[in-house]
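Read the structure below first, then the notes.
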Amino acid sequence: MAEKQWHGVGRSNFVWHPTIDESKCTNCGLCLLSCGSGVFAWVKAENKYIVANPGNCAVGCTTCGRVCPETAITFPEAPDKFVKRAMSKYKVLPTVKKELQARLEKFPDHVIRGGDTGGEPGNG
Amino acid sequence: MADDFFAKWHGIDRAKITWGPVIDSDKCTGCGFCVVTCGEKRNVFGYDPEKKKAVVLFQDHCMVGCNNCQVGCLWNAISFPHDDQYVRELARTIPKEQLQKELKAKLEANPDLVRE
Chain A
1 MAEKQWHGVG
11 RSNFVWHPTI
21 DESKCTNCGL
31 CLLSCGSGVF
41 AWVKAENKYI
51 VANPGNCAVG
61 CTTCGRVCPE
71 TAITFPEAPD
81 KFVKRAMSKY
91 KVLPTVKKEL
101 QARLEKFPDH
111 VIRGGDTGGE
121 PGNG
Chain B
125 MADDFFAKWH
135 GIDRAKITWG
145 PVIDSDKCTG
155 CGFCVVTCGE
165 KRNVFGYDPE
175 KKKAVVLFQD
185 HCMVGCNNCQ
195 VGCLWNAISF
205 PHDDQYVREL
215 ARTIPKEQLQ
225 KELKAKLEAN
235 PDLVRE
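So the protein lines, in turn, are chains A and B. Each residue of the first sequence is one higher than the one before, counting from 1 in the working numbering. Each residue of the second sequence is one higher than the one before, counting from 125 in the working numbering.
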């Protein structure tokens, strides 16, 4: 299977994933529930949650860490610095533009004309 | 997408939670990063191709605690009404039984997330 991409850049170029401080973690499982990328797993024998698939983590995502009631999850760097630097380094905006076109073709009701002015009657 | 997916956050009425992006359209350059960074399921943003601006369409579909759109906005045009402390305090109010119920369902549906 082809490598997962982040706006045209191979995911393996990025070291970005959560780390759990086991001394703070109470194994509530909210990290696993909050992650849509399958980063976490539950270890049945020890009834604990672990970072099982760090490479699945969405680059710049810190949602699990932000919801963690115990502040037990950390990331390599502040996400805005990490992502903005990566965007500049890899010049991702032309790819983002293509992705935007694809998204709007797939979801045409997300194309807004008129914006804040309230739109134009009979448009189209 | 069933509406009830967006109605609750771990048992808490989503309508009672203030969480979602706000765009300063004067700063937005229309690059589209926020639009495509948000997942297709939640798909919070729309886009005005004439004005070349991103638009917030469904603020209450935003994943509570996620600000992935904001961290990649090179023009700092996206803000959120609260910081992560707000989310953390909310998370602390979720009953353990609620999480257990959801965990059981998610792990049953995704056996690859279980290690023996």
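Where a beta carbon is used, it is the ideal one built from N, C-alpha and C, also for glycine.
Phenylalanine 157(B) reaches chain A at Val96, counting residues in chain order whose Cβ is nearer than 7 angstroms.
Assignment of beta-bridge partners to threonine 74(A) by DSSP yields Thr19(A). Here the alpha carbon of phenylalanine 182(B) sits roughly 35 angstroms from the alpha carbon of aspartate 21(A). Put simply, of Lys177(B), Asp172(B), His185(B) the residue whose alpha carbon is nearest the alpha carbon of aspartate 137(B) is His185(B).
Boundaries of the beta strand (DSSP E) around lysine 48(A): 48 to 51. Residue environment for tryptophan 199(B): exposed (fewer than 16 other C-beta atoms within 10 angstroms of its C-beta). Here the stretch 202 to 215 of chain B does not lie against the stretch 90 to 99 of chain A, with fewer than 3 beta-carbon pairs under 8 angstroms apart. Rounded to the nearest whole angstrom, the CA to CA distance from alanine 58(A) to lysine 176(B) is 26 angstroms. The C-beta of glutamate 99(A) comes closer than 7 angstroms to at least one C-beta of chain B.
Of the other Cβ atoms in all chains shown, 16 or more fall within 10 Å of the Cβ of serine 34(A); this residue is therefore buried. Within chain A, the residues whose beta carbon sits less than 8 angstroms from that of arginine 212(B) are Arg66, Val67, Cys68, Pro69, Thr71, listed in sequence order. Of the residues Thr217(B), Leu223(B), Arg239(B), Gln224(B), the one whose Cα lies closest to the Cα of isoleucine 141(B) is Thr217(B).
Inter-residue distance for tryptophan 6(A) and valine 39(A) is about 16 angstroms (C-alpha atoms, whole angstroms). A distance below 6 angstroms between beta-carbons, with the five flanking residues on each side excluded, links tyrosine 90(A) to the following residues of its chain, in chain order: Val9. Under the DSSP assignment, aspartate 208(B) falls in the alpha helix (DSSP H) whose first and last residues are 208 to 216. In the DSSP assignment, lysine 177(B) falls within the beta strand (DSSP E) that extends over 177 to 180. In its chain, beyond the 5 residues on either side, Thr19 have a beta carbon closer than 6 angstroms to the beta carbon of threonine 74(A). With respect to chain B, the C-beta atom of histidine 110(A) has a partner C-beta closer than 7 angstroms. Per DSSP, glycine 65(A) is one residue of the alpha helix (DSSP H) stretching across 63 to 67.
Around threonine 63(A), the beta-carbon contacts reaching into chain B at under 7 angstroms are Met187, Gly189, Cys190. Scanning Gly60(A), Gly29(A), Lys98(A), Ile112(A) for the CA closest to the CA of cysteine 68(A) turns up Gly29(A). The residues Lys24, in chain order, have a CB closer than 7 angstroms to that of threonine 71(A) in the same chain once the five nearest residues on each side in sequence are set aside. Between valine 180(B) and isoleucine 147(B) a beta carbon distance of about 6 angstroms is seen, short of the 8 angstroms cut, so the two are scored as contacting. Cβ neighbours of glycine 156(B) within its own chain (closer than 8 angstroms, five residues either side excluded): Tyr171, Ala178.
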